[in-house]
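K.L.:
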Amino acid sequence: MSKPYVVGIDIGGTNTVFGIVDARGAVIASSSIKTLKHSDVNAYIDELYSEVTRLLEANDAVDKVHGIGIGAPNANYYTGMIEKLVNIPWPTPLPLAQMVSEKFGIPVAITNDANAAAIGEMTYGAARGLKNFIMITLGTGVGSGIVINGQLVYGHDGFAGELGHTIMKRNNGRLCGCGRTGCLEAYCSASGVARTAREFLEVRQDPSLLRDIPVESITSKDVYDAAVAGDKLANEIFEYTGNILGEAFADFTVFSSPEAIILFGGLAKSGELLMRPLRESMEKNMMNMFKGKVRLLLSELKEADAAVLGASALGWEAKMPTPMTMPAAPAVE
Numbered sequence: 044m045s046k047p048y049v050v051g052i053d054i055g056g057t058n059t060v061f062g063i064v065d066a067r068g069a070v071i072a073s074s075s076i077k078t079l080k081h082s083d084v085n086a087y088i089d090e091l092y093s094e095v096t097r098l099l100e101a102n103d104a105v106d107k108v109h110g111i112g113i114g115a116p117n118a119n120y121y122t123g124m125i126e127k128l129v130n131i132p133w134p135t136p137l138p139l140a141q142m143v144s145e146k147f148g149i150p151v152a153i154t155n156d157a158n159a160a161a162i163g164e165m166t167y168g169a170a171r172g173l174k175n176f177i178m179i180t181l182g183t184g185v186g187s188g189i190v191i192n193g194q195l196v197y198g199h200d201g202f203a204g205e206l207g208h209t210i211m212k213r214n215n216g217r218l219c220g221c222g223r224t225g226c227l228e229a230y231c232s233a234s235g236v237a238r239t240a241r242e243f244l245e246v247r248q249d250p251s252l253l254r255d256i257p258v259e260s261i262t263s264k265d266v267y268d269a270a271v272a273g274d275k276l277a278n279e280i281f282e283y284t285g286n287i288l289g290e291a292f293a294d295f296t297v298f299s300s301p302e303a304i305i306l307f308g309g310l311a312k313s314g315e316l317l318m319r320p321l322r323e324s325m326e327k328n329m330m331n332m333f334k335g336k337v338r339l340l341l342s343e344l345k346e347a348d349a350a351v352l353g354a355s356a357l358g359w360e361a362k363m364p365t366p367m368t369m370p371a372a373p374a375v376e
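Each residue of the sequence shown is one higher than the one before, counting from 44 in our numbering.
1. Between which two residues does the alpha helix (DSSP H) carrying residue 319 extend?
2. Flag residue 197 as yes if its beta-carbon sits less than 9 Å from any beta-carbon of chain C, otherwise no.
3. Consult DSSP for residue 209 and reduce its assignment to one of helix, strand or coil.
4. Give the DSSP bridge partners of residue 58, in chain order.
5. If you follow the alpha helix (DSSP H) that residue 179 is part of, which residue opens it and which one closes it?
6. Whole alpha helix (DSSP H) runs in the region 220-273 with 4 or more residues, listed along the chain?
7. Sorted by chain position, which residues of the same chain lie with C-beta nearer than 8 Å to residue 280's C-beta, five sequence neighbours on each side aside?
8. Between 149, 200, 338, 330, which lies nearest to residue 358 when the distance is taken from Cα to Cα?
9. Would you check if there are 3 or more beta carbon pairs closer than 8 Å linking the region 347-354 to the region 93-107?
10. Is it true that the CB of residue 185 sits closer than 9 Å to the CB of residue 179?
11. Is there contact between the region 274-289 and the region 319-327, where contact requires at least three CB pairs shorter than 8 Å?
12. Work out the CA separation of residue 146 and residue 88 for me, nearest whole Å.
13. Could you have a look at residue 285 and say whether DSSP puts it in helix, strand or coil?
14. What residue range is occupied by the uninterrupted beta strand (DSSP E) comprising residue 307?
15. Find out if the Cβ-Cβ distance for the pair residue 232, residue 181 is shorter than 9 Å.
16. For residue 74, tell me which candidate among 67, 81, 62 has the shortest Cα-Cα distance.
17. Quick check on DSSP: helix, strand or coil for residue 338?
18. Smallest Cα separation from residue 56: which of 333, 219, 127?
19. Counting pairs of beta carbons, one from the region 107-118 and one from the region 150-163, are three or more of them closer than 8 Å?
20. Under a three-way DSSP split, which group does residue 348 fall into?
21. Helix or strand or just coil, what does DSSP make of residue 173?
22. Return the residue from the list 81, 108, 205, 69 that minimises the CA-CA distance to residue 45.
23. Among 285, 356, 91, which has the Cα closest to the Cα of residue 171?
24. Which class does residue 166 belong to by DSSP, given the choice of helix, strand or coil?
25. For residue 101, report the span of its alpha helix (DSSP H) as first-last.
26. Please state whether DSSP places residue 353 in a helix, a strand or coil.
27. Please state whether DSSP places residue 310 in a helix, a strand or coil.
28. For the alpha helix (DSSP H) that residue 140 lies in, which residues bound it at each end?
29. Any idea which residues DSSP pairs residue 191 with across the strands?
30. What does the alpha-carbon distance come out to for the pair residue 273 and residue 135?
31. CA-CA distance, residue 94 and residue 157?
32. With residue 109 as the anchor, note down where its beta strand (DSSP E) starts and where it stops.
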């Protein structure tokens, strides 16, 4: 009898969400644990095993799982390793896919969270039937997954597709969490919108609802609420953000000629506040041969299930881990 389920695990800095998913993309059941309840990764995996097993038993899914897919920060699909962690105090590089597979006795595949979102969208969401698209996640950061000819682009080392770290401001750009300056993420993430608000409030004298909020406490949600209420400054912040994002999308199109760019994440829910300036800027900056060809789509994955679905899509292609041989770097003559 074929195994009808996979388990999706999304590891975040605060919570780890996991669920049982069937081949149609229905989340049969889900739960979560605190990622940092245990600072020791082995204790974390023990608790994850215990709680996932409890969920499988409650849903008559024990021995019916084809594979496990994991989405995690800086995870490498090729090696099964997490290369670096910023908000989780586990030692890196960490062979997480192998460790989880050995604990569960089930094949495991792992990739970073944005790539997992792209695979989930292609398997269950708005990108079904598309062979060339770019997935952009607009959350605390800007993540991306690039699909060309039906294949996710990993590059020679597994780290391709970091479009959030393309540089949009070459001179006097904002410092990004990656250590460089002027990155797209520093402007067009949720945290980037909040930074724009603080900058606008500092250099301008316009009246604004945002001035009623302690400046260091302003969030992108505050900016959205003010914009919906008709606040002129807040609307200009969305104009500024959409313009930069549109410029970036026009450049991304030149690289891979996608059928669509799909947006996911809290900031993508801003509707026309963001989408109108984004569309206008993208078309204005688009190379002529690509004008009018690239659709902007919003994710079709339910927010509550998206992380689990994205990770679970990897589970169908998971295999038991074997020692990986990384491609050799070309010789320098």
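For glycine and all other residues, C-beta sits at the position ideal for the given N, C-alpha and C.
P.N.:
Put simply:
1. Taking the first residue of the sequence shown as 1, we reach residue 319 at position 276. Unbroken alpha helix (DSSP H) run through residue 319: 315-328.
2. The structure shown has no chain C; it contains just one protein chain.
3. In the sequence shown, counting from the first residue as 1, residue 209 sits at position 166. The answer is coil: DSSP assigns residue 209 none of H, G, I, E or B.
4. If you number the sequence shown from 1, residue 58 lands on position 15. Note: residue 58 sits in a beta bridge opposite 77.
5. Your numbering for residue 179 matches position 136 in the sequence shown. Under the DSSP assignment, residue 179 falls outside any alpha helix (DSSP H), being part of the beta strand (DSSP E) whose first and last residues are 176-181.
6. 228-231, 233-246, 263-271
7. Counting from one through the sequence shown, the residue named residue 280 turns up at place 237. Once the five neighbours on either side are set aside, the close Cβ partners of residue 280 are 236, 239, 240, 243, 266, 270.
8. Counting from one through the sequence shown, the residue named residue 358 turns up at place 315. Answer by Cα proximity: 149.
9. With the cut-off at 8 Å, the region 347-354 and the region 93-107 do not touch.
10. Within the sequence shown, numbered from 1, the residue matching residue 179 stands at position 136. Within the sequence shown, numbered from 1, the residue matching residue 185 stands at position 142. The answer is yes: Cβ separation under 9 Å.
11. yes
12. Position 45 of the sequence shown holds residue 88. Position 103 of the sequence shown holds residue 146. Rounded to whole angstroms, residue 88 to residue 146 spans 8 Å at the Cα level.
13. In the sequence shown, the residue the question calls residue 285 occupies position 242. Helix, per DSSP.
14. Working through the sequence shown from its first residue, we reach residue 307 at position 264. Element bounds for residue 307: 303-307.
15. As a position in the sequence shown, residue 232 is number 189, starting the count at 1. As a position in the sequence shown, residue 181 is number 138, starting the count at 1. For residue 232 and residue 181, yes; Cβs fall inside 9 Å.
16. Along the sequence shown, read from residue 1 onward, the residue named residue 74 stands at position 31. Residue 74 has its Cα closest to that of 62, out of 67, 81, 62.
17. Counting from one through the sequence shown, the residue named residue 338 turns up at place 295. In the structure shown, residue 338 sits in a strand (DSSP, three-state: E or B).
18. Taking the first residue of the sequence shown as 1, we reach residue 56 at position 13. For residue 56, the closest of 333, 219, 127 by C-alpha to C-alpha distance is 127.
19. Yes, the region 107-118 touches the region 150-163.
20. As a position in the sequence shown, residue 348 is number 305, starting the count at 1. In the displayed model, residue 348 falls within a helix according to three-state DSSP.
21. For this step, residue 173 is matched to residue 130 along the sequence shown. Here residue 173 sits in coil by DSSP.
22. As a working mapping, residue 45 is identified with position 2 in the sequence shown. Ranking the options by Cα distance to residue 45, first place goes to 108.
23. Translated into positions along the sequence shown, residue 171 becomes position 128. Out of 285, 356, 91, 356 has the C-alpha closest to the C-alpha of residue 171.
24. Within the sequence shown, residue 166 is the residue found at index 123, counting from 1. Note: residue 166 maps to helix in three-state DSSP.
25. Translated into the one-based positions of the sequence shown, residue 101 becomes position 58. 84-101 is the extent of the alpha helix (DSSP H) around residue 101.
26. Your numbering for residue 353 matches position 310 in the sequence shown. Helix at residue 353.
27. Walking along the sequence shown from the start, residue 310 turns up at place 267. Residue state for residue 310 is assigned as helix, using DSSP reduced to three classes.
28. The residue labelled residue 140 in the question sits at position 97 within the sequence shown. Segment 139-147, the alpha helix (DSSP H) holding residue 140.
29. Walking along the sequence shown from the start, residue 191 turns up at place 148. BP columns for residue 191 point to 194.
30. Numbered from its first residue, the sequence shown carries residue 273 at position 230. Numbered from its first residue, the sequence shown carries residue 135 at position 92. Cα to Cα, the separation comes out at about 47 Å.
31. Counting from one through the sequence shown, the residue named residue 94 turns up at place 51. Counting from one through the sequence shown, the residue named residue 157 turns up at place 114. Rounded to whole angstroms, residue 94 to residue 157 spans 25 Å at the Cα level.
32. Stepping through the sequence shown from its first residue, residue 109 is reached at position 66. Taken as a continuous stretch (DSSP letters only), the beta strand (DSSP E) holding residue 109 covers 108-114.
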